[in-house]
Amino acid sequence: MPAAPLPVWPLTLMFALMPLWWALGAFYLGWSVFGVLLLALLVARGRVPLPAGSACWLLFLALVLLSASRLDRATAYLTFGLRFGFLVTALIVGVYVHTLVREGAAWERVLRPLGWYWLGIVALGWLAVLAPTFALTTPVELALPYAVSGQRYIQALTHVRLNEFNPVSRAPIYRTAAPYPYTNNWGTAYALLVPCVLAYLTSVRTGRFRRVLWLSLPLSVVPAFLTLNRGMFLGLGAGLLYLALRALLRGNARLILSIAGLVLLVWIVSLVVPVQDMINARVSTTDTNVDRMDLYLRTWQAVERSPLLGYGAPKSVDTTLAEEPLGTQGLIWQILYSHGIPALVVFLSWLLLAARRLAAAVSPAGFWLSTVPVIALVVIPVYAYIDPNLSVIFFAVGAGLAAVAGPVNRAALGPSAMSRPAPLRWRTRGFGRAAVPGRRKPSARAGVASVPLRTAVPATGAPDPAEHAPSPVVPEPRAPADPVVSPPPDTAVDRPAPEAPQQGGTP
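If you read the sequence shown in our numbering, its first letter stands for residue 77, the second for the next number, and so on.
If you want it as structure tokens, here you go:
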């Protein structure tokens with residue numbers, strides 16, 4: 077008897093209701109509780125396939141656990157456990173989403189919780205614009221004993237604010253932060269979520285939710301600019317550059333135009349919001365660059381004294397110019413200082429593996445999701461994301477890896493003009509000859525593109541295999557005058573099936 081499919085509602089509870097968890101002060105402290113719920117459902121489900129790179133991540137978790145032996149105070153175990161919970165929960169989210177997609181859950185249903193999360197980020201960003209000084213004492217903050225809630229890190233998580241600013245400054249600069257404690261976390265989330273939203277929009281054709289997401293994109297630019305996050309702009313720019321290069325190599329004019337439109341939108345908003353002048357003003361009135369460089373130098377000097385296991389967690393010292401603890405202001409420095417050089421090597425290996433595997437995607441939705449590990453890799457020198465943002469990364473990577481691995485059973489709810497690959501030439505594995513992918517036959521219904529990542533595109537005139545069973549795609553034979561070469565059994569579902577050669581061409 078086949079096992080019951082996994083439900084999507086736990087992801088909705090976890091991601092879509094994020095503004096509620098933030099207002100209660102439970103956004104960070106309760107995040108791992110949702111991981112336990114997802115894990116319980118996976119265990120009840122039985123044996124599940126693990127996404128590529130899971131062994132690498134489990135090795136990283138083992139190294140992190142070993143570094144806990146270097147903790148030197150009792151209160152440090154609390155923050156260590158919180159951060160370790162984020163690492164484990166991220167893996168569980170990735171496995172859960174990976175299993176959902178592999179079981180044939182509707183693409184629109186799987187990605188919708190992440191879309192709601194994005195809308196919550198944008199809504200709280202606009203609240204920060206309209207009420208810059210708003211702060212809230214949350215129920216969780218009141219419930220915790222002062223010995224716990226009084227710690228600087230826990231205080232930042234439970235006493236919520238809409239903006240990060242200097243309260244003693246005569247002319248404070250308000251920078252969007254909610255639902256995160258720091259504006260850098262908001263900027264990181266924005267850079268990671270934009271590709272996920274575009275992956276949804278390029279694979280879903282109709283629906284009110286799609287229209288709301290389209291509207292939210294230009295609205296999101298204003299609070300994003302007010303973060304003044306240089307790392308956010310760097311990460312998004314690197315992701316767009318990576319995507320543009322892939323589109324150029326494949327001759328995908330439609331995707332190139334989409335990227336150009338996104339850049340044009342940012343440029344238009346920059347004419348209204350003088351973000352460059354604001355960044356220059358902030359840099360000229362603070363010592364942020366000098367403080368960062370001094371902090372990085374002191375962090376590396378400490379790492380040299382404990383290179384294998386680190387110190388278990390960031391630690392405040394009085395020998396730096398910055399007020400921040402050693403092992404902060406960048407994920408590279410946090411992993412190096414807290415968990416050692418081997419842990420950093422394994423973490424970077426996982427990111428590179430995820431980026432390499434997702435590079436096999438050929439549809440627009442797959443293209444956009446493939447930028448997520450690239451952006452995550454680019455921002456780690458200056459931003460850290462051992463927080464709910466790590467679950468966002470695993471959400472996108474888990475969905476992408478499932479579709480890239482194939483075969484994926486997807487109900488065909490209608491064609492999307494933006495989800496059809498542009499004509500291009502490639503070398504098909506196992507054949508060794510150039511071929512041109514054919515156009516897929518449109519379906520009568522409207523909704524979600526058939527297979528948004530690894531799209532098995534049959535030759536012209538062949539029926540759409542995504543509407544049937546989740547078995548590997550085998551094109552129906554044609555008449556002898558128009559032969560079709562079938563892919564070998566191990567050909568990935570994402571690879572477009574080669575079209576029949578032109579008359580007089582190579583057989």
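Using N, Cα and C, we set each Cβ at its ideal position, and we do this for glycine too.
Query, Result
"Nearest-angstrom Cα separation, counted from residue 451 out to residue 96", "28 Å"
"For residue 458, the three-state DSSP class (helix, strand or coil)", "coil"
"Helix, strand or coil at residue 211 [DSSP, three-state]", "strand"
"Contact under 8 Å by Cβ, residue 473 with residue 170", "yes"
"Euclidean distance between Cα positions of residue 478 and residue 174", "5 Å"
"Three-state secondary structure assigned by DSSP to residue 281", "coil"
"The alpha helix (DSSP H) enclosing residue 112, as first and last residue numbers", "107 to 121"
"Three-state secondary structure assigned by DSSP to residue 179", "coil"
"Selection from 388, 392, 106, 328 that minimises the alpha carbon distance to residue 144", "388"
"Alpha-carbon spacing of residue 586 relative to residue 295, whole angstroms", "For residue 586 there is no data in the structure shown, the boundaries of the chain being 77 and 583."
"DSSP-derived helix/strand/coil call for residue 400", "coil"
"Buried versus exposed, by CB contacts within 10 Å (16 or more), residue 480", "buried"
"CA-to-CA distance, residue 326 to residue 536, given in whole angstroms", "Reliability fails at residue 536, whose pLDDT of 42 lies under 50, so the model's placement of it is uncertain and the value that follows must be treated cautiously. Cα to Cα, residue 536 sits roughly 20 Å from residue 326."
"Given 8 Å, three or more beta-carbon pairs between the segment 127 to 134 and the segment 399 to 415", "no"
"Nearest residue (CA-CA) to residue 116, options 86, 142, 136, 137", "86"
"Beta-carbon spacing of residue 94, residue 103 below 8 Å", "yes"
"Candidates 453, 211, 439, 164, of which the one nearest residue 329 by Cα", "439"
"Reduced DSSP category for residue 252 - H, G, I as helix; E, B as strand; rest coil", "strand"
"DSSP bridge partner residues for residue 235 (one or two, in chain order)", "213"
"Neighbour-count burial assignment, residue 346, 16 or more Cβ in a 10 Å radius", "exposed"
"Residue(s) in a DSSP beta bridge with residue 380", "DSSP, once it has assigned bridges, lists no residue as partnering residue 380."
"Beta-carbon gap between residue 204 and residue 238 smaller than 8 Å", "yes"
"CB of residue 159 within 8 Å of CB of residue 285, strictly", "no"
"Buried or exposed by the 16-neighbour rule on C-beta atoms within 10 Å, applied to residue 464", "buried"
"Cβ-Cβ distance between residue 275 and residue 312 below 8 Å", "no"
"Span separating the alpha-carbon of residue 546 from that of residue 216", "Because the pLDDT at residue 546 is just 44, under 50, the model does not fix this residue reliably, and the value given afterwards should be weighed accordingly. Using only the alpha carbons, I get a separation of about 46 Å."
"8 Å Cβ cutoff met for residue 454 and residue 136", "no"
"Residues that residue 240 bridges to, as DSSP identifies them", "251"
"Outcome for residue 281 when other beta-carbon atoms lying within 10 angstroms are tallied against a minimum of 16", "buried"
"Of the residues 419, 392, 381, the one placed nearest residue 371, counting alpha carbons only", "392"
"Classification of residue 193 by the beta-carbon crowding that lies within 10 angstroms, buried from 16 upward", "buried"
"Straight-line gap, residue 211 to residue 242 (C-alpha atoms, nearest Å)", "13 Å"
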